[in-house]
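Asker:
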Amino acid sequence: MPLAVRTGDLPKRLASAIVMLLLAGGALAMGGAVLQIFVALVAVLALAEAVRLVLRAAYGWRLRLAGIAVAALYIGFAAAFLIQMPRFMLVVTVVTVIATDTGAYFSGRTIGGPRIAPRISPSKTWAGLAGGMVAAGLWLALVATMLDRAMQALAPNEPVGIAPNQLLAGALIGAALAIAAQAGDFLESWLKRKAAVKDSSRLIPGHGGVLDRVDGILPVALIVGLLGTYGNAW
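Going by our numbering, the sequence shown opens with residue 33, and the numbers climb by one from there.
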């Protein structure tokens, strides 16, 4: 399939992405209660879409209640971690997922190739996963470099310098989080397949629903939040 055809929805996706970035960026810039309300609102919308999918996918009230409970815990804890994160860490977390999605989108659409799990998500390829891992790895390597520069500015007389192993660690963490983000994407794709729907909703042109946009952020937020909460204890 020609590249022009495979990227035909790009203008619509970019327009929606700009609006979403403006809303999220405005909430982030204001911080405080505004940011907390924004994250909570996104979580509520995502949960509402998840409940809709569960009700369509599951049969029997017990299975439906169990699915809704799991969705509430999954989305609720991820949102709680995001609300509690310092703004810098929140930005790093969200941009890691954006980098993953961007790298996966362009490498998957450009290179194509074998699909990871065609029965669950026909559009996800190994090339896309690799592109997402590379993009997220480069982003966290850049974050490690920026933190090193900040440390040098704060303590110019100290022998501070970023080592190759620190860059490698940042890149590997980014790649691992990219896999987690893609796993979250596959989880939602599996649920949508069970519910026999293409998108969690039609709220966002070119992107589907809110859950379609945060499915990768949820597992990454859980991992980062758990590491931030319990990492020192380890």
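For glycine and all other residues, C-beta sits at the position ideal for the given N, C-alpha and C.
Starting from the N-terminal side, write out each stretch of the alpha helix (DSSP H) that is 4 residues or longer and does not extend beyond the stretch 231-264.
Answerer: 242-246, 249-262
Asker: Can you look up R151 in the DSSP assignment and give me helix, strand or coil?
Answerer: coil
Asker: What do you reckon, are the CB atoms on A213 and A110 nearer than 9 angstroms?
Answerer: For the pair A213 and A110, the CB atoms are not nearer than the 9 angstroms cut-off.
Asker: Taking just the CA atoms, how far does R96 sit from E220?
Answerer: For E220 and R96, the distance between alpha carbons rounds to 16 angstroms.
Asker: Return the Cβ separation of A82 and A112 in integer angstroms, given the expectation that the two are a contact with Cβ distance under 8 angstroms.
Answerer: About 16 angstroms; that fails the 8 angstroms criterion.
Asker: In angstroms, rounded to a whole number, what distance separates the CA positions of T274 and K156?
Answerer: Look at the range of the chain in this structure, 33 to 266, and you will see that residue 274 is not part of it.
Asker: Taking C-alpha atoms, which residue in V86, L170, V74, K224 lies nearest to G135?
Answerer: Checking every option, the nearest Cα to that of G135 belongs to L170.
Asker: Rounded to the nearest angstrom, what separates R225 and P154 at their Cα positions?
Answerer: Answer to the nearest angstrom: the Cα atoms are 11 angstroms apart.
Asker: Count the other CB atoms within 10 Å of the CB of P150; is the residue buried (16 or more) or exposed (fewer)?
Answerer: exposed
Asker: So, for L67: in the same chain, excluding its five sequence neighbours on each side, which residues have a beta-carbon less than 7 angstroms away from its beta-carbon?
Answerer: A59, L60
Asker: Taking V71 as the reference, give the member of R94, L87, Q116 with the closest Cα.
Answerer: That would be Q116, whose Cα lies nearest to the Cα of V71.
Asker: Determine the closest residue to L258 out of A78, A47, L114, A65, with distance taken between C-alpha atoms.
Answerer: L114
Asker: CA-CA distance, R45 and G145?
Answerer: 23 angstroms
Asker: What number of angstroms, rounded off, separates the C-alpha of L54 from the C-alpha of G63?
Answerer: Cα-Cα distance, rounded: 14 angstroms.
Asker: Could you check where the alpha helix (DSSP H) with A101 kicks off and where it finishes?
Answerer: 93-116
Asker: Who does T26 pair with in a DSSP beta bridge?
Answerer: With the chain represented from 33 up to 266, any question about residue 26 goes unanswered, as that position is not in the structure.
Asker: In the DSSP assignment, find the unbroken alpha helix (DSSP H) run with V86 in it and report its ends.
Answerer: 64-89
Asker: Considering only the alpha carbon of each residue, which of P237, I255, L250, G260 lies closest to S48?
Answerer: In terms of Cα proximity to S48, the closest of P237, I255, L250, G260 is P237.
Asker: Measuring only the C-alpha atoms, how far is V166 from G108?
Answerer: 29 angstroms
Asker: Closest to G272 by C-alpha separation, out of S232, V126, A56, Y91, would be which residue?
Answerer: The shown model of the chain, from 33 to 266, leaves out residue 272, and the question about it has no answer.
Asker: Look at L199 and A182 and say whether their C-beta atoms are less than 9 angstroms apart.
Answerer: no
Asker: Excluding sequence positions up to five away, which residues of its chain have a Cβ less than 7 angstroms from the Cβ of M33?
Answerer: Note that M33 scores a pLDDT of 43, beneath 50, so its modelled location is shaky and nothing firm can be said.
Asker: Check this for me: beta carbons of V242 and V74, under 9 angstroms apart or not?
Answerer: The Cβ atoms of V242 and V74 lie closer than 9 angstroms to each other.
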